[in-house]
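Chains as they are written, first to last, in the working numbering: chain U, 1 to 521; chain Y, 522 to 810.
All C-beta atoms in this analysis are idealised placements derived from N, C-alpha and C, irrespective of residue type, glycine included.
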Amino acid sequence: MSDDHHDHKPTGLGRWLFSTNHKDIGTMYLWFSFIMLFIGGGMAMIIRAELYQPGMQLVDPDFFNQMTTLHGLIMVFGVIMPAFVGFANWLVPMMIGAPDMALPRMNNMSFWILPFAFGTLLSTLFMEGSAPNFGWTFYAPLSTTYGPASTDYFIFGVHLMGISSIMGSINVIVTILNMRAPGMTLMKMPIFVWTWLITAFLLIAVMPVLAGVVTMMLTDRNFGTSFFEAAGGGDPVMFQHVFWFFGHPEVYIMILPSFGIISQIIPTFARKKLFGYSSMVYATASIAILSFIVWAHHMYTVGMPLAGELFFMLATMLIAVPTGVKVFNWTATMWKGSLTFETPMLFSVAFIILFTIGGFSGLMMSITPVDFQYHDTYFIVAHFHYVLVTGALFAIFAGAYYWLPKWTGNMYDETLGKVHFWISLVSVNVLFFPMHFLGLAGMPRRIPDYALQFTDFNQMASIGAFVFGGIQLLFLYIVIKCIRGGEKATDQVWEGAEGLEFEQLPSPAPFHSFTQAPEVK
Amino acid sequence: MSTNDGYYIPEPSKWPIIASLTLFVTVFGAVNTIHGTSFGMPILMIGLISVLAMMYGWFSTVVAESPSYNGQVDVSFRMGMMWFILSEVMFFAAFFGALFYARVLVMPWLGGAGNNAMTHEVLWPTFEAVWPILTNPDNTAFVAPKEAMGAWGLPAINTLLLLTSSVTLTIAHHALRKGERAKLNLWMIVTLALGVAFLVLQVVEYMHAYDDAMGLTLASGIYGSTFFMLTGFHGFHVTIGGIMIAVMLVRCLKGHFTADNHFAFEAAAWYWHFVDVVWLGLFIFVYIL
Ligand code: HEM
Ligand SMILES: [Cu+2]
Numbered sequence: 001m002s003d004d005h006h007d008h009k010p011t012g013l014g015r016w017l018f019s020t021n022h023k024d025i026g027t028m029y030l031w032f033s034f035i036m037l038f039i040g041g042g043m044a045m046i047i048r049a050e051l052y053q054p055g056m057q058l059v060d061p062d063f064f065n066q067m068t069t070l071h072g073l074i075m076v077f078g079v080i081m082p083a084f085v086g087f088a089n090w091l092v093p094m095m096i097g098a099p100d101m102a103l104p105r106m107n108n109m110s111f112w113i114l115p116f117a118f119g120t121l122l123s124t125l126f127m128e129g130s131a132p133n134f135g136w137t138f139y140a141p142l143s144t145t146y147g148p149a150s151t152d153y154f155i156f157g158v159h160l161m162g163i164s165s166i167m168g169s170i171n172v173i174v175t176i177l178n179m180r181a182p183g184m185t186l187m188k189m190p191i192f193v194w195t196w197l198i199t200a201f202l203l204i205a206v207m208p209v210l211a212g213v214v215t216m217m218l219t220d221r222n223f224g225t226s227f228f229e230a231a232g233g234g235d236p237v238m239f240q241h242v243f244w245f246f247g248h249p250e251v252y253i254m255i256l257p258s259f260g261i262i263s264q265i266i267p268t269f270a271r272k273k274l275f276g277y278s279s280m281v282y283a284t285a286s287i288a289i290l291s292f293i294v295w296a297h298h299m300y301t302v303g304m305p306l307a308g309e310l311f312f313m314l315a316t317m318l319i320a321v322p323t324g325v326k327v328f329n330w331t332a333t334m335w336k337g338s339l340t341f342e343t344p345m346l347f348s349v350a351f352i353i354l355f356t357i358g359g360f361s362g363l364m365m366s367i368t369p370v371d372f373q374y375h376d377t378y379f380i381v382a383h384f385h386y387v388l389v390t391g392a393l394f395a396i397f398a399g400a401y402y403w404l405p406k407w408t409g410n411m412y413d414e415t416l417g418k419v420h421f422w423i424s425l426v427s428v429n430v431l432f433f434p435m436h437f438l439g440l441a442g443m444p445r446r447i448p449d450y451a452l453q454f455t456d457f458n459q460m461a462s463i464g465a466f467v468f469g470g471i472q473l474l475f476l477y478i479v480i481k482c483i484r485g486g487e488k489a490t491d492q493v494w495e496g497a498e499g500l501e502f503e504q505l506p507s508p509a510p511f512h513s514f515t516q517a518p519e520v521k
Numbered sequence: 522m523s524t525n526d527g528y529y530i531p532e533p534s535k536w537p538i539i540a541s542l543t544l545f546v547t548v549f550g551a552v553n554t555i556h557g558t559s560f561g562m563p564i565l566m567i568g569l570i571s572v573l574a575m576m577y578g579w580f581s582t583v584v585a586e587s588p589s590y591n592g593q594v595d596v597s598f599r600m601g602m603m604w605f606i607l608s609e610v611m612f613f614a615a616f617f618g619a620l621f622y623a624r625v626l627v628m629p630w631l632g633g634a635g636n637n638a639m640t641h642e643v644l645w646p647t648f649e650a651v652w653p654i655l656t657n658p659d660n661t662a663f664v665a666p667k668e669a670m671g672a673w674g675l676p677a678i679n680t681l682l683l684l685t686s687s688v689t690l691t692i693a694h695h696a697l698r699k700g701e702r703a704k705l706n707l708w709m710i711v712t713l714a715l716g717v718a719f720l721v722l723q724v725v726e727y728m729h730a731y732d733d734a735m736g737l738t739l740a741s742g743i744y745g746s747t748f749f750m751l752t753g754f755h756g757f758h759v760t761i762g763g764i765m766i767a768v769m770l771v772r773c774l775k776g777h778f779t780a781d782n783h784f785a786f787e788a789a790a791w792y793w794h795f796v797d798v799v800w801l802g803l804f805i806f807v808y809i810l
């Protein structure tokens with residue numbers, strides 16, 4: 001690392017607009033995701049405010065539907081996914097000993113498509129008619145025959161996001177396969193890199209299918225095709241099949257990188273090696289492969305031949321096995337470790353417990369006959385918020401606290417971090433746990449009004465929501481404070497931290513990670 | 522800049538953001554064209570032209586830089602292209618999936634198979650579940666074609682054209698590797714001509730389909746939908762592949778590429794073979810079966 005213009009950074013706006021640097025692009029991804037978190041979160045606040053009481057109070061039903069739709073789309077495509085791409089950008093080159101991503105210009109293009117895509121999506125709120133109001137799953141015929149005019153903007157917005165994701169994942173795969181330092185064999189790679197390799201593969205395999213299904217919607221809406229129209233020999237159920245062929249792998253796209261982050265953090269604070277490294281790799285791979293053959297568990301009630309219902313039930317249950325392997329391994333890693341509970345570890349432990357709750361409700365819903373009762377109720381809302389909020393989002397928080405010192409060179413404020421954690425932990429459970437009961441008692445999802453007997457649990461959920469939403473402002477403050485200054489981080493940052501980024505790079509990490517490949521033993 | 526290990530990391534570049542912007546302008550123009558706004562078409566055109574200009578600019582930069590690339594950069598490009606082609610395969614898979622689902626499951630169900638006797642009886646009593654569908658469930662909303670598109674006329678010729686073009690392209694590639702430039706240029710021209718001939722015949726076939734005598738259109742039910750979306754997207758990809766081949770031809774004529782350094786040429790060739798394979802799938806599942 002003797003290169004003298006090692007740390008010369010481009011300056012001004014051009015640094016960001018024209019960037020070819022994985023760290024700057026990663027930073028942009030992370031900030032983008034953060035902004036979207038507040039926009040999508042604001043929509044959730046509107047939803048919960050409306051649901052605070054039975055009856056209609058704040059918004060009309062159509063606007064309520066627009067909020068649930070955009071909230072879902074923004075959180076999935078605008079928050080969780082870009083945040084993980086941001087992590088991949090920052091970390092993958094550092095973890096494998098590469099100078100940068102393999103295709104730096106394409107990297108910047110993948111990012112800069114996103115503001116355009118989400119600008120398009122958000123602009124639909126101001127269009128005549130209404131914004132998309134058919135749920136984030138945009139089932140036909142709600143989105144075809146009955147979709148508002150803005151649906152076409154939504155479709156092209158999805159196309160743009162798809163292009164961005166595909167280019168981003170090509171970049172990640174190529175970087176991992178081609179840019180590893182000598183000695184960094186596949187089975188020596190940090191688990192985070194492994195999970196992203198597999199995630200990127202999933203993305204390349206299913207984002208084009210999403211592009212295909214929205215294209216069919218587009219032509220059904222505008223050019224007279226009848227893919228989803230029984231009158232012409234098509235079938236609205238076919239929409240669901242194609243959508244969920246994308247959609248189920250998509251939910252794993254949102255969780256695999258979190259598995260990676262958690263698998264980095266737990267060993268550090270347990271001061272032990274990760275238990276069962278290779279079983280982690282194989283579990284991740286089998287989850288990815290299985291995720292292609294379980295999609296119709298979202299469609300048990302829509303009508304399928306019995307053989308289909310059975311097949312998808314059994315395949316879905318099977319996927320719980322590798323997931324269980326992971327949970328077992330994390331627990332075994334902590335077993336008899338010398339544990340300390342800094343904020344990243346707190347979020348990680350919470351992740352393990354709460355994600356597992358989500359996995360269990362998933363297992364319940366995977367049983368076809370009982371899912372007939374759970375389907376489209378708040379039970380499933382509880383399920384996917386446990387896996388996505390206390391799963392994916394908590395992992396993002398954990399990862400942010402874990403690597404912020406490496407990225408900025410400063411320690412974050414540990415006390416504030418703990419406050420953020422504990423308030424989030426309590427409020428998120430007040431928010432989502434009652435939804436299980438609501439769902440079991442029969443409260444349908446995506447409805448702005450409800451019967452009186454659901455009032456108590458809804459009020460609890462709403463209060464939890466306001467607290468959880470509010471406390472994220474503290475997280476914003478903590479991040480800004482950490483960027484601005486604070487106690488200097490050591491190069492290793494955490495006592496038990498391992499990996500190239502902690503062992504071979506200073507804090508903050510230099511602008512170009514490794515201009516010369518490090519030695520990997 | 523180049524790292525000490527020789528991996529080329531490009532300096533900050535304006536192309537990516539220009540690319541994002543031009544893509545956005547294109548889709549914005551496309552939506553507005555579909556919605557019939559007066560400025561839709563002009564914006565779409567501006568978008569498309571600027572996308573092409575952007576690609577020209579970006580790729581020219583890469584061509585100019587390429588002497589400073591080492592073998593590892595070359596591998597990155599190769600891998601990138603292969604994964605990109607995989608994503609294209611999956612895009613077609615979605616439409617093939619729709620075709621199979623509609624044909625193998627939906628059609629019999631609409632015709633009363635399984636536990637759907639009442640669907641047929643009450644909703645679509647006139648529907649005849651035979652592929653290619655010549656009577657739609659609701660034949661006034663979606664007027665079915667009078668006859669199906671046969672396989673052994675133009676489509677068979679087109680199959681031959683595309684298969685041959687893959688062979689001629691391979692001959693050109695071998696010539697390039699042996700440094701026989703005249704032969705290279707010749708076979709590139711033949712390849713391009715075959716591709717163009719394919720597209721011309723495809724247009725003829727579409728005109729024939731849209732003719733009243735046949736009445737096979739995008740709007741003639743699921744058969745027409747799958748037929749035109751699959752062949753249409755394929756034709757679009759042949760067009761892209763053809764543009765790539767044309768660009769490679771120009772570069773060959775200009776004396777670009779060497780016997781052992783011609784990644785762009787190979788990428789275009791892979792793409793062309795991919796388009797060829799997709800066509801084989803189409804020929805079997807859309808035309809013959
Ligand atoms: C043990 C593993 C899991 C099982 C067995 C499982 C099972 C299921 C089932 C059966 C449904 C459909 C429920 C219904 O509509 O009636 C469902 C919905 C859902 N799951 Fe999971 N799941 C698992 C893990 C995950 C993970 C890890 C994620 C994401 C990180 C996830 C995200 C979702 C989402 C977003 C939905 C709702 C989709 C919608 O809007 O309709 N699940 N899950
Ligand atoms: Cu699923």
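- Quick one: is U/I107 buried, meaning 16 or more other Cβ sit within 10 Å of its Cβ, or exposed? The question names Ile, but residue 107 of chain U is Asn in the sequence shown. Buried, since its Cβ has 16 or more Cβ neighbours within 10 Å.
- Message: If you measure from each CB to the nearest heavy atom of ligand 1 and keep those under 6 Å, what residues do you get, in chain order?
- Response: U/T137, U/V251, U/M254, U/I255, U/H297, U/H298, U/T316, U/I319, U/A320, U/T323, U/G359, U/G362, U/L363, U/M365, U/S366, U/D371, U/Y374, U/H375, U/I380, U/H383, U/F384, U/V387, U/L388, U/G391, U/A392
- Item | Whether U/T343 touches U/K273 by CB criterion (8 Å) | no
- Return the CA-CA distance between Y/Y529 and Y/M603, expressed in angstroms with no decimal places. 20 Å
- Query: Do the CB positions of U/F466 and U/R48 come within less than 8 Å of each other?
  - Reply: yes
- Message: Would you call the stretch 400 to 420 of chain U in contact with the stretch 441 to 449 of chain U, where contact means no fewer than 3 C-beta pairs closer than 8 Å?
- Response: no
- Task: Round the Cβ separation of Y/A619 and U/M101 to the nearest angstrom and send it over; I've been treating them as touching at under 8 Å.
- Result: Not quite, the Cβ-Cβ distance comes to about 35 Å (not below 8 Å), so this is no contact.
- Query: Where does Y/N591 land, buried or exposed, given buried means 16+ other C-beta within 10 angstroms?
  - Reply: exposed
- Same chain, Cβ closer than 6 Å to Y/M750, neighbours up to 5 away in sequence not counted: F616
- Closest Cα partner of U/T199 within the set U/W295, U/A88, U/L318: U/A88
- Message: Using a Cβ-based criterion (distance less than 7 Å to any ligand heavy atom), does U/V294 qualify as near ligand 2?
- Response: yes
- Among U/S263, U/T145, U/M167, nearest to U/P190 - alpha-carbon criterion: U/S263
- How about U/A517: is its C-beta nearer than 8 Å to some C-beta of chain Y? yes
- Any non-hydrogen atom of ligand 2 closer than 7 Å to U/H248 Cβ: yes
- Message: For U/F126 and Y/L690, what's the separation of their Cα atoms in angstroms?
- Response: 51 Å
- Query: Under a CB-based cut-off of 8 Å, is U/L202 close to chain Y?
  - Reply: no
- Report buried or exposed for U/R484, applying the criterion of at least 16 other Cβ atoms within 10 angstroms of its Cβ. exposed
- Beta-carbon neighbours of U/M238, restricted to chain Y and to distances below 8 Å: A619, Y622, A623, V627
- Beta-carbon neighbours of U/R180, restricted to chain Y and to distances below 7 Å: Near U/R180 there are no residues of chain Y at all, since even the closest Cβ is about 11 Å away, more than 7 Å.
- Message: For Y/I766 and Y/D595, I'd like the C-alpha separation in whole angstroms.
- Response: 20 Å
- Neighbour list for Y/E604 in chain U, Cβ cutoff strictly below 9 Å: Here the sequence assigns Trp to residue 604 of chain Y, which means Glu is not the residue at that position. Those within 9 Å of Y/W604 in chain U are I166, S169, I170, I173, V174, A200, F201, I204.
- Message: For U/V302, which residues in the same chain have their Cβ closer than 8 Å to its Cβ, ignoring the five residues on either side in sequence?
- Response: V237, Q240
- Message: My output table needs one value for Y/K535: the three-state DSSP class, helix, strand or coil.
- Response: coil
- Query: Taking Cβ positions, are U/I46 and U/V59 nearer each other than 8 Å?
  - Reply: yes
- Say whether the stretch 779 to 790 of chain Y touches the stretch 651 to 668 of chain Y, bearing in mind that this needs 3 or more beta-carbon pairs closer than 8 Å, one atom from each stretch. no
- Please go through the same chain and pick out, in chain order, the residues whose beta-carbon is closer than 8 Å to the beta-carbon of Y/L697, but skip the five residues on each side of it. L705, C773, F778, A780, H783, F786
- Message: Just verifying my parser: in three-state terms, what is the DSSP assignment at U/K488?
- Response: strand
- Tell me whether U/Y52 sits in a helix, a strand or coil according to DSSP, three-state version. coil
- Residue range of the alpha helix (DSSP H) that U/L103 falls in? No alpha helix (DSSP H) contains U/L103, which DSSP labels as neither H nor E.
- Message: How far does the alpha helix (DSSP H) with U/Y412 in it extend, from its first residue to its last?
- Response: It is not in any alpha helix (DSSP H) - U/Y412 carries neither H nor E in the DSSP assignment.
- Message: Comparing C-alpha positions only, which one of Y/A540, Y/P533, Y/A734, Y/T680 sits nearest to Y/V796?
- Response: Y/T680
- Item | Proximal residues, the stretch 529 to 557 of chain Y versus chain U, C-beta separation under 8 Å | I530, P531, E532, P533, S534, K535, W536, P537, I538, A540, S541, L542, L544, F545, V548, F549, A551, V552, I555, H556
- Query: Just curious, the alpha helix (DSSP H) that Y/S597 is in, first and last residue?
  - Reply: 592 to 621
- Over the uninterrupted alpha helix (DSSP H) stretch that includes Y/K704, give me the two end residues. 702 to 731
- Task: Would you give the residue range spanned by the alpha helix (DSSP H) that U/Q66 belongs to?
- Result: 61 to 73
- Query: Is U/T11 helix, strand or coil when you go by DSSP?
  - Reply: coil
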